[in-house]
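*Asks:* One structure is given below, represented as structure tokens, and several questions about it will come after.
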Amino acid sequence: MSKSKQSHRKEIWDDDPNSRTKIPWEIFHIYQVTASPPGGDRRYNACLVSVYRYRKTPIFLPFHKDDTAMDTAIMIWNKVISHIGLVQNRISDRDPKFTSAL
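Residues in the sequence shown are numbered from 1 upward in steps of one, following the UniProt record's numbering.
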């Protein structure tokens, strides 16, 4: 008789103390990747990665490291929230002031 193995994989929302919901479509994550060489017609030197938990697919948005928080918030509003709609929680590696203002 074999024992059933316990899963060692934790669910994403179990790792996050900011997440109070168990419904994956209410949350999306925002990460910034800034260690990249300039590229493209507009010489972008950073990438904003947004992961929507329900679809589990990333959205990659090129931007400049020097962009202001307002520029970044407008880009997120136009490119991410317009596709997925308003969500309950946003988890970001940016300053808490940015997340609350967004």
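C-beta atoms are modelled at their ideal positions from N, C-alpha and C, and glycine is treated no differently.
1. Would you kindly work out how many angstroms separate the C-alpha atoms of Tyr52 and Trp77, rounded to a whole number?
2. Under the assumption that His64 contacts Ala46 (Cβ atoms under 8 Å), give the Cβ distance between them as a whole number of angstroms.
3. So Met70 packs on Leu61, CB below 8 Å; how close in whole Å?
4. Answer with buried or exposed for Pro38, where buried requires no fewer than 16 other C-beta atoms within 10 angstroms of its C-beta.
5. Helix, strand or coil: which one does DSSP assign to residue 159?
6. What's the gap between the Cα of Ser82 and the Cα of Ile30?
7. My output table needs one value for Thr68: the three-state DSSP class, helix, strand or coil.
8. Let's see if you can read the secondary structure: which residues bound the beta strand (DSSP E) around Val49?
9. What residues in its chain sit with their C-beta under 6 Å from that of Asp66, if we drop five residues either side in the sequence?
*Replies:* Reading it off the structure:
1. About 14 Å.
2. Their Cβ separation, rounded to whole angstroms, is 6 Å, which keeps His64 and Ala46 in contact under 8 Å.
3. Their Cβ separation, rounded to whole angstroms, is 15 Å, which puts Met70 and Leu61 out of contact at 8 Å.
4. It is exposed - the Cβ of Pro38 has fewer than 16 other Cβ atoms within 10 Å.
5. In the structure as shown, the chain begins at 1 and stops at 102. Residue 159 is therefore absent and cannot be evaluated.
6. Roughly 15 Å separates the two Cα atoms.
7. Three-state DSSP puts Thr68 in coil, outside helix and strand.
8. Element bounds for Val49: 46-52.
9. So the list is empty, once near-sequence residues are dropped.
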